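Under the numbering used here, think of the first position of the sequence shown as 56, with each following residue one higher. Where a beta carbon is used, it is the ideal one built from N, C-alpha and C, also for glycine. In this text, all values refer to a predicted model and were calculated from it rather than measured experimentally. One structure is given here, and the rest of the page talks about it.
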Amino acid sequence: MTTVLILIGVAAIIVLMVVIGNKNRQKHQSEMATWAASHNLDYRPESAELAQKFGGEPFFGGSGAEAVDVVTGPGPNGHDFCSYVYEYTERDSDDHTTTVRRWIVALQMPSQLPWLSVTFESLGTKIAHAVGHHDIALGNELFDKTFDVKATSPEFAQAVLHPQMIDWLLGPGREIVPLRLAGDTMLWWKMGKPDYDKLLPHVNVMAQFIDQIPPSVWHDYGQDHNPVTTP
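The following block contains the structure:
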């Protein structure tokens, strides 16, 4: 009888936790929808399409990837944007699970470009360089020490990251690193939950990056129907 009572108690606790979790989720989604509407933005609780849309960094690791809290709206100069939380589950050697979350902001570009990424130099990138996986040097010592640049070709990286863009990324544009160009989309990400007070200002800075890409780059490299490829 004691064992039965324990099992009933455990089941009741599990049901209660599920009910509380559902109520908290519904409350959060209602608050998100209200916030989005107050800023003339659209909100969706989740998007299966977005969860699978991109490959490469930072969209790897774990299992059960989801895109939740999807906020979309118009950005500066026609660069529509999308903000969402990309989350997945990691399991350690003891079979414990952890949910990993990254805040993703994506901006629409005028046309598709080859892939390019700018991330901060880290211990991992330095180790990669030491074993022969070098990034692209742009000729600015401070920039090359600060950032790790990879692209479909050095020529394309140099065309996008011209001297004025380099100076800007070392200054006010620093906040949009890490960044990636993936097809017709510019991506930025960070670990953890979104800070929605910073979303629209951040979108403005990302749009400044796109608008500083020279017309010659769009002419020489832009394609309307080029499939998205990642390194």
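Item, Value
"Closest Cα partner of V215 within the set Q163, P270, E230", "P270"
"Residue range of the alpha helix (DSSP H) that includes F211", "209–215"
"Selected residue, minimal CA-CA separation from F264, among K253, L225, H274", "L225"
"L168, DSSP secondary structure in three states", "strand"
"Coarse secondary structure for S138, derived from DSSP in three states", "strand"
"Three-state secondary structure assigned by DSSP to F109", "coil"
"Identity of the residues DSSP links to E145 by a beta bridge", "T153"
"Straight-line Cα distance separating L171 from M164", "13 Å"
"Own chain residues within Cβ distance below 8 Å of S166, not counting five before or after", "D239, W273, G277, Q278, D279"
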